[in-house]
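There are 2 protein chains.
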Amino acid sequence: MHRSIATVSLSGTLRQKLEAVADAGFDGIELFEADFINFKGTAAELGRIAGDLGLSIDLYQPLRDFEGMPEAQFRRSLERAERKFDLMQAMGAPTMLCCSNTSPLSINDPSLAAAQLHELAERAARRNLRVGFEALAWGRHTWLYGQAWEIVKQANHPHLGLILDSFHTLSLKDDPAGIAAIPGDKIFFLQMADAPLLSMDVLQWARHHRSFPGQGDFDVVGFFEQVLRAGYTGPLSLEIFNDIFRETPNRRTAVDAMRSLLYLESETRQRLAKPAVAQQVTLFDPPPVPALSGLSFIEFAADEASAATLATLVKQLGFRRIGRHRSKAVTLYRQGEINLIVNAQPDSFARERFEAHGTSVCALGVRCGDPLAAVGRATAMRSQRHDSPVGPNELRVPAIVAPGGNLIHFVPEALGANGLYEADFILEDQGAGANDAGLQRIDHVALGLALDQLDTWVLFTRAVLGLEPGESLELADPFGLIRSRGVANAERSLRLVLNVSLSQRTRTARTLSVTGGGAVHHIALSCSDIFETAAKLRANGTRFVPISDNYYDDLATRIDVEPALLSRMRDAGVLFDRSPAGDYLHIYTESFEGGLFFEVAQRVGDYDAYGALNAPARMASQAQD
Amino acid sequence: MHRSIATVSLSGTLRQKLEAVADAGFDGIELFEADFINFKGTAAELGRIAGDLGLSIDLYQPLRDFEGMPEAQFRRSLERAERKFDLMQAMGAPTMLCCSNTSPLSINDPSLAAAQLHELAERAARRNLRVGFEALAWGRHTWLYGQAWEIVKQANHPHLGLILDSFHTLSLKDDPAGIAAIPGDKIFFLQMADAPLLSMDVLQWARHHRSFPGQGDFDVVGFFEQVLRAGYTGPLSLEIFNDIFRETPNRRTAVDAMRSLLYLESETRQRLAKPAVAQQVTLFDPPPVPALSGLSFIEFAADEASAATLATLVKQLGFRRIGRHRSKAVTLYRQGEINLIVNAQPDSFARERFEAHGTSVCALGVRCGDPLAAVGRATAMRSQRHDSPVGPNELRVPAIVAPGGNLIHFVPEALGANGLYEADFILEDQGAGANDAGLQRIDHVALGLALDQLDTWVLFTRAVLGLEPGESLELADPFGLIRSRGVANAERSLRLVLNVSLSQRTRTARTLSVTGGGAVHHIALSCSDIFETAAKLRANGTRFVPISDNYYDDLATRIDVEPALLSRMRDAGVLFDRSPAGDYLHIYTESFEGGLFFEVAQRVGDYDAYGALNAPARMASQAQD
């Protein structure tokens with residue numbers, strides 16, 4: 000498909016926007032009027048700049064409150080349209096968007112609207128331009144695509160067609176099924192926007208909180224499917240009004256935008272297969288989402304000094320050193336199925352990360368049936384492949400760069416639990432250590448993100464890794480709100496938690512200022528008996544965040560917890576959450592360098608969340624120290 | 000009155016909140032449940048800490064979804080209430096808040112609600128505690144205070160009363176007039192909240208966007224008046240859920256909170272005078288709002304080098320040096336009625352500001368009929384008085400500290416246009432300079448504020464200076480949104496513009512990072528012929544931000560501007576705005592050190608705004624350079 004994006008969707012000057020959009024592989028743009036009005040150059044110059052970058056200018060949107068107006072206003076708007084047609088011809092933009100009238104002056108008469116749009120289309124036709132009519136969700140008399148289509152039909156002019164925007168239809172919960180019956184060649188343009196489900200005025204929602212397909216809660220695939228079933232073959236475009244995107248570096252936004260279209264195309268392609276639709280357009284067809292089965296390792300970036308600190312810490316956590324790397328200053332620690340790698344190799348990727356962010360997680364190793372396919376999927380979805388230097392006889396584990404710069408390695412399942420480590424490390428002793436505390440697996444990894452990274456990560460984990468986001472929660476830190484959202488695969492063997500501090504003053508935000516964001520904030524490790532594990536860890540010297548007695552007094556009034564269990568939790572400082580599916584018992588360690596800490600968790604039954612509602616108890620406790 | 004505040008209204012740990020609240024002069028707190036649950040100490044210890052700080056714990060709010068429930072849930076909630084009564088007795092809190100039920104399980108039967116609340120009150124009575132019932136705006140069956148009052152009447156228990164919260168009534172546009180008919184002693188507690196008018200779900204509005212009285216758009220004075228007419232004599236409290244306050248330093252929030260109550264009391268006191276109400280409570284009675292009549296001077300903090308740079312700049316702007324200070328390294332420049340002071344005195348307040356913020360405005364001089372009364376008003380409203388060292392025969396101009404640390408001097412009207420300067424300066428030459436460009440007065444001063452300073456400034460300018468806020472606008476900078484709000488006195492002789500960057504990446508935000516916020520961002524000077532003035536300024540060497548030709552092409556299609564005027568504006572780079580009352584022509588200079596710049600403005604007719612919609616043209620132009 001011809002992929003396009005509205006310039007309002009990105010930050011920067013118009014020229015910077017065009018460069019970012021071209022680099023991300025777009026074919027065209029929709030020109031937002033303010034971008035042109037404030038551009039230091041003529042329409043013809045803009046057309047040349049876009050052309051040089053390989054971009055067409057697909058749409059211009061200068062008209063407001065046009066159709067169904069009293070004669071005087073209509074004549075004035077026609078005159079305005081003529082001046083804008085001048086510009087469109089000079090810049091080479093073929094189509095003008097006219098959105099439905101919101102003015103209190105407008106007259107509720109579809110025939111008048113049709114007649115006035117007919118005249119506009121006739122003027123456009125004289126210059127071989129086209130006009131598309133779009134129903135705004137907050138239009139005064141026309142707010143559904145069905146109403147707009149009736150007016151377009153009545154106007155009956157070959158240079159007038161319909162423009163569809165998924166936001167306007169899905170925000171009103173209107174059924175997109177009727178779109179399939181509209182002749183595809185009368186749909187002149189398609190704008191796709193997703194959005195989180197918010198209970199607010201639709202105009203404010205539309206102007207501030209749209210997002211790229213795959214970042215929100217709308218059934219954008221279902222909408223796009225109907226448009227393709229109609230036989231539409233025009234541009235696939237994004238018009239996203241989002242306060243955060245207005246300030247996000249535009250190169251990242253442009254990549255996210257392209258990824259969202261590729262994801263939308265590939266998901267819709269699968270949907271169209273049943274029942275099969277004759278393909279009138281070519282939809283993106285990437286390798287399938289990889290089957291991932293949990294985290295095999297977590298790698299820390301360190302120098303020699305911090306590697307020694309980490310060694311002490313992880314031993315307190317019940318890990319034992321089981322090997323050193325064949326060719327690098329890298330150490331492997333293990334407990335249960337958990338591998339922690341401490342990388343203090345100079346001149347390495349890890350050292351670069353250490354120098355930029357201090358002691359921090361620099362890579363995750365994900366078990367995967369077909370690592371090459373996983374990398375293929377990722378690069379098709381516009382993630383970057385990363386190849387580390389490899390010594391003799393060592394394994395090359397395919398890796399990609401996650402948003403923010405950390406690596407995700409795909410560890411072949413075929414290697415079994417130990418194959419990778421046998422190949423790359425000189426293993427010293429693989430038995431359980433005397434200090435083993437019963438930690439078994441990596442339950443989840445929580446990332447601390449800057450506000451503008453959340454949508455990027457939701458789309459990355461969905462499109463590249465095939466994870467699905469859960470509920471979005473807001474949690475109170477003593478110094479501001481934290482937004483928290485889990486993402487996981489269907490089997491729940493791979494879980495990440497995306498935490499965003501809305502405040503600059505929380506501990507989460509201060510972690511970000513060290514790491515630059517997109518960094519691991521805490522690591523949750525699972526066990527089968529949290530009381531036994533916590534006791535062993537305490538005996539090893541691990542210190543946990545203390546929890547107020549008041550928490551347990553209140554817990555007893557909220558949830559029917561057996562008194563004996565409550566008493567054990569109170570004594571051990573263990574937090575508790577219950578869902579209809581099961582229970583979650585957990586405890587947080589004190590944080591070390593850079594704010595990173597560990598969580599020990601025990602899932603009982605099919606509990607499927609992260610105890611997020613207990614996070615305020617942790618944050619308040621940390622603040623009181 | 001007994002002044003109180005809910006702990007949820009401030010950032011920090013519970014102990015930090017109590018200290019900030021006590022220091023700001025509050026008498027008591029409402030304890031938010033999460034603050035207690037996460038507090039490392041017992042209820043009795045909390046009571047002692049509060050007592051030591053001179054604070055009572057006036058209210059505790061642990062119940063949700065209590066009344067009108069099936070028997071099993073009701074019994075369980077009663078048990079929970081008993082445990083919370085234990086805590087209240089231990090901490091010394093006399094009143095429990097029970098807000099109306101939002102649960103889908105609740106039964107729409109006011110008699111059942113009354114009976115269950117009666118039993119709760121009976122349990123409370125056994126311990127000599129009280130229960131207050133409050134209608135939540137989103138309550139399932141009870142959402143108006145009138146409904147809640149009917150239930151309280153029916154329950155008919157001396158330990159059960161009504162709790163009122165202005166947010167719930169005013170957000171639903173319910174009429175508060177009926178409150179006056181409720182017996183004052185059956186109103187157990189009063190929570191006052193203001194809010195901006197937002198088109199969103201009332202629950203989201205309530206949880207994220209409340210503000211202190213005087214910061215929002217509600218008629219909080221009218222609401223409070225009705226409560227006093229009812230004969231209420233209990234606490235006057237603030238329960239403010241606000242995402243920004245959660246991260247604002249709590250000392251500032253506490254001062255804002257106290258100022259808002261003092262303002263509310265003093266405004267309501269005036270309202271109660273007609274028709275007179277027997278005073279059952281003592282309302283705060285500060286000196287009246289000062290009569291201010293415009294800015295007499297703007298003072299810059301500089302060192303010797305930057306004073307020289309400023310000298311060049313202001314001479315290009317048509318100012319001439321007319322004097323030097325009798326005892327300090329301070330220079331006076333003048334044009335029309337505008338005095339610019341450059342303060343390079345070592346060991347001065349200005350030098351402190353210079354060292355912290357670079358070359359920047361450090362003080363404003365406001366003409367005032369009664370400066371001592373103005374300072375009296377300001378200190379009564381919890382602003383700090385500032386006394387500068389004064390040399391022999393120099394005038395002591397009373398001053399206060401504005402939020403963010405700059406000074407506002409009150410210059411006595413009685414001194415005439417020149418009295419202050421004759422006293423403090425050795426005047427050299429007061430004639431118009433050869434470079435005079437026709438600048439006449441200070442039209443307005445625009446401040447760049449951090450997001451958490453906007454509400455502080457709206458309340459400060461309202462309560463201390465008697466200015467009223469205008470419309471709140473959102474403007475698109477290429478790197479994020481700017482929120483802009485003018486505040487002015489009734490005569491429009493004193494105007495400030497409060498600009499907040501919602502993004503960290505705009506030029507406005509970068510100015511903030513230099514100045515720490517609350518700093519002057521640009522200075523608008525008025526003239527009577529902008530074309531003549533601009534031509535002279537250009538001839539003097541002043542450089543203006545260039546405006547795109549596309550702006551003028553578009554202007555002609557939006558507004559009927561006479562072609563000759565349009566052509567002059569295009570040639571001179573002058574921007575244009577038109578309201579029904581008049582026109583605004585303006586032009587921006589390029590910025591100098593620290594991002595500060597000047598605006599030259601001509602008001603035609605009764606135009607009453609600031610040309611804010613043209614700011615994006617400036618911001619886009621600056622970004623393209």
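As given, the protein sequences belong to chains A and B, one line each in that order. Heads up: the first sequence is residues 0 to 624, going by numbering that gives the first Met the number 0. Heads up: the second sequence is residues 0 to 624, going by numbering that gives the first Met the number 0. Idealized CB from N, CA, C, for every residue including glycine.
- Message: For chain A, check one thing: does any of its Cβ atoms lie closer than 8 Å to the Cβ of residue 250 of chain B?
- Response: The residue given as residue 250 of chain B occupies position 251 in the second sequence. Closer than 8 Å: no.
- Message: Are the CB atoms of residue 599 of chain B and residue 501 of chain B within a distance shorter than 8 Å?
- Response: Here residue 501 of chain B refers to the residue found at position 502 when the second sequence is read from its first residue. Here residue 599 of chain B refers to the residue found at position 600 when the second sequence is read from its first residue. Taking 8 Å as the Cβ cut-off, residue 501 of chain B and residue 599 of chain B do not qualify as a contacting pair.
- Task: Using a Cβ cut-off of 8 Å, pull out every chain B residue sitting near residue 709 of chain A, in sequence order please.
- Result: Missing from the structure shown is residue 709 of chain A; chain A here goes from 0 to 624 and no further.
- Query: What is the rounded straight-line gap between the Cα of residue 391 of chain A and the Cα of residue 409 of chain A?
  - Reply: Mapped onto the first sequence, residue 391 of chain A falls at position 392. Mapped onto the first sequence, residue 409 of chain A falls at position 410. Looking at the two C-alpha atoms, the distance is approximately 20 Å.
- Item | Residue(s) in a DSSP beta bridge with residue 4 of chain A | The residue given as residue 4 of chain A occupies position 5 in the first sequence. Partner(s): A/28 and A/237.
- Task: Count the other C-beta atoms from every protein chain shown that fall within 10 angstroms of the C-beta of residue 281 of chain B, then say buried if there are 16 or more, exposed otherwise.
- Result: The count along the second sequence starts at 1 and reaches residue 281 of chain B at position 282. Under this definition residue 281 of chain B is an exposed residue.
- State yes or no: is the beta carbon of residue 4 of chain B nearer than 8 Å to at least one beta carbon in chain A? Working through the second sequence from its first residue, we reach residue 4 of chain B at position 5. No, residue 4 of chain B lies away from the interface with chain A (no Cβ there is under 8 Å from its Cβ).
- Message: Just checking: is the beta-carbon of residue 588 of chain B within a distance shorter than 8 Å of some beta-carbon in chain A?
- Response: For the purposes of this step, residue 588 of chain B is taken as the residue at position 589 of the second sequence. So no, residue 588 of chain B is outside the interface.
- Name the residues in the region 474 to 490 of chain A whose C-beta lies less than 9 Å from a C-beta of chain B; which are they? 475, 476, 477, 478, 479 and 480
- What are the start and end residues of the beta strand (DSSP E) that includes residue 385 of chain A? Here residue 385 of chain A is taken as the residue at index 386 of the first sequence, counted from 1. Per DSSP, residue 385 of chain A belongs to the beta strand (DSSP E) from 383 to 385.
- Message: Can you tell me whether residue 172 of chain A is buried or exposed? The criterion is at least 16 other CB atoms within 10 Å of its CB, across all chains shown.
- Response: Within the first sequence, numbered from 1, the residue matching residue 172 of chain A stands at position 173. Exposed, since its Cβ has fewer than 16 Cβ neighbours within 10 Å.
- Message: Taking 6 Å as the limit between beta carbons, can you name the residues of its chain near residue 283 of chain A, skipping five residues before and five after?
- Response: Sequence index remark: in the first sequence, residue 283 of chain A carries index 284 (1-based). Result list for residue 283 of chain A: 261, 264 and 265, in chain order.
- Supposed contact pair residue 138 of chain A and residue 110 of chain A - C-beta distance, whole angstroms, cut 8 Å: Reading the first sequence from its first residue, position 111 is the one you call residue 110 of chain A. Reading the first sequence from its first residue, position 139 is the one you call residue 138 of chain A. The pair is not a contact, with the Cβ atoms about 17 Å apart (cut-off 8 Å).
- Query: Just how far apart, CA to CA, sit residue 579 of chain A and residue 437 of chain A?
  - Reply: Your numbering for residue 579 of chain A matches position 580 in the first sequence. Your numbering for residue 437 of chain A matches position 438 in the first sequence. C-alpha separation (whole angstroms): 27 Å.
- Message: Against chain B, does residue 54 of chain A count as a neighbour if the rule is that its beta carbon must be under 8 Å from one of theirs?
- Response: As a working mapping, residue 54 of chain A is identified with position 55 in the first sequence. No, because no Cβ of chain B sits closer than 8 Å to the Cβ of residue 54 of chain A.
- Message: Considering only the alpha carbon of each residue, which of A/28, A/33 and A/39 lies closest to residue 92 of chain A?
- Response: Here residue 92 of chain A corresponds to residue number 93 of the first sequence, with the count starting at 1. Closest option to residue 92 of chain A, Cα to Cα, is A/28.
- Message: Quick check on residue 200 of chain A - is its C-beta less than 8 Å from some C-beta in chain B?
- Response: For the purposes of this step, residue 200 of chain A is identified with residue 201 of the first sequence, where counting begins at 1. Residue 200 of chain A counts as touching chain B.
- Query: Does the pairing of the region 420 to 435 of chain A with the region 310 to 329 of chain A give three or more beta-carbon distances under 8 Å?
  - Reply: yes
- Could you work out which residue in B/335, B/565 and B/122 is closest to residue 440 of chain B when comparing CA atoms only? Position 441 of the second sequence, counting from 1, holds the residue named residue 440 of chain B. Cα-wise, what sits closest to residue 440 of chain B is B/335.
- Task: Give a yes or no on whether 8 Å exceeds the smallest Cβ distance from residue 625 of chain B to chain A.
- Result: Any question about residue 625 of chain B goes unanswered here, given that chain B covers just 0 to 624.
- Counting only beta-carbon atoms, is residue 615 of chain A nearer than 8 Å to chain B? Position 616 of the first sequence holds residue 615 of chain A. With 8 Å as the cut-off, residue 615 of chain A counts as an interface residue toward chain B.
- Item | Residue-chain proximity (residue 574 of chain A, chain E), Cβ-Cβ < 8 Å | In the structure shown, chain E does not exist; the protein chains are A and B.
- Message: Please report whether the beta-carbon of residue 36 of chain A lies at a distance below 8 Å from any beta-carbon of chain B.
- Response: To locate residue 36 of chain A, count along the first sequence from 1; it is residue 37. Yes, contact with chain B.
- Query: Helix or strand or just coil, what does DSSP make of residue 467 of chain A?
  - Reply: By one-based count along the first sequence, residue 467 of chain A stands at place 468. If DSSP states are grouped into helix, strand and coil, residue 467 of chain A belongs with the strands.
- Query: So, is residue 227 of chain B buried or exposed, given that buried needs 16 or more other C-beta atoms within 10 angstroms?
  - Reply: For the purposes of this step, residue 227 of chain B is taken as residue 228 along the second sequence, with counting starting at 1. Residue 227 of chain B should be labelled buried.
- Task: Compute the distance between the beta-carbons of residue 230 of chain B and residue 182 of chain B, then report whether it is under 8 Å.
- Result: The residue given as residue 230 of chain B occupies position 231 in the second sequence. The residue given as residue 182 of chain B occupies position 183 in the second sequence. Yes.
- Residue span of the beta strand (DSSP E) that contains residue 355 of chain B, given as start and end: The residue you call residue 355 of chain B lines up with position 356 of the second sequence. From DSSP, residue 355 of chain B is part of no beta strand (DSSP E) but of the alpha helix (DSSP H) over 348 to 356.
- Evaluate the contact criterion for the region 531 to 547 of chain A versus the region 483 to 496 of chain A: three or more CB pairs, one atom per stretch, below 8 Å. no
- Skipping 5 residues on each side, what residues in its chain have a beta carbon closer than 6 Å to that of residue 364 of chain B? On the second sequence, residue 364 of chain B is found 365 positions in, with the first residue counted as 1. Result list for residue 364 of chain B: 295, 296, 408 and 410, in chain order.
- Message: For a contact defined as C-beta to C-beta under 8 Å, what are the partners of residue 231 of chain A on chain B?
- Response: Against the first sequence, residue 231 of chain A aligns to sequence position 232. Those do not exist, as residue 231 of chain A stays about 31 Å from chain B at its closest Cβ, beyond 8 Å.
- Message: Is there a Cβ of chain A sitting closer than 8 Å to that of residue 439 of chain B, yes or no?
- Response: The residue given as residue 439 of chain B occupies position 440 in the second sequence. For residue 439 of chain B, the answer is no, since every Cβ of chain A falls outside 8 Å of its Cβ.
- Message: Counting only Cβ pairs nearer than 7 Å, list the residues of chain A close to residue 502 of chain B.
- Response: Stepping through the second sequence from its first residue, residue 502 of chain B is reached at position 503. Within 7 Å Cβ-Cβ: 245 and 246.
- Among B/217, B/293, B/622 and B/270, which has the Cα closest to the Cα of residue 491 of chain B? Here the question's residue 491 of chain B lines up with position 492 in the second sequence. Looking at the Cα atoms, B/293 is the closest of the given residues.
- Query: List, in order along the chain, the chain A residues whose C-beta lies closer than 9 Å to that of residue 550 of chain B?
  - Reply: Taking the second sequence and counting its residues from 1, one reaches residue 550 of chain B at position 551. Result: 36 and 37.
- Message: Using only CA atoms, which one of B/247, B/400, B/337 and B/592 lies nearest to residue 9 of chain B?
- Response: Taking the first residue of the second sequence as 1, we reach residue 9 of chain B at position 10. Out of B/247, B/400, B/337 and B/592, B/247 has the C-alpha closest to the C-alpha of residue 9 of chain B.
- Task: Would you give the residue range spanned by the alpha helix (DSSP H) that residue 609 of chain B belongs to?
- Result: In the second sequence, residue 609 of chain B corresponds to position 610, counting from 1. Here residue 609 of chain B belongs to no alpha helix (DSSP H), and DSSP marks it neither H nor E.
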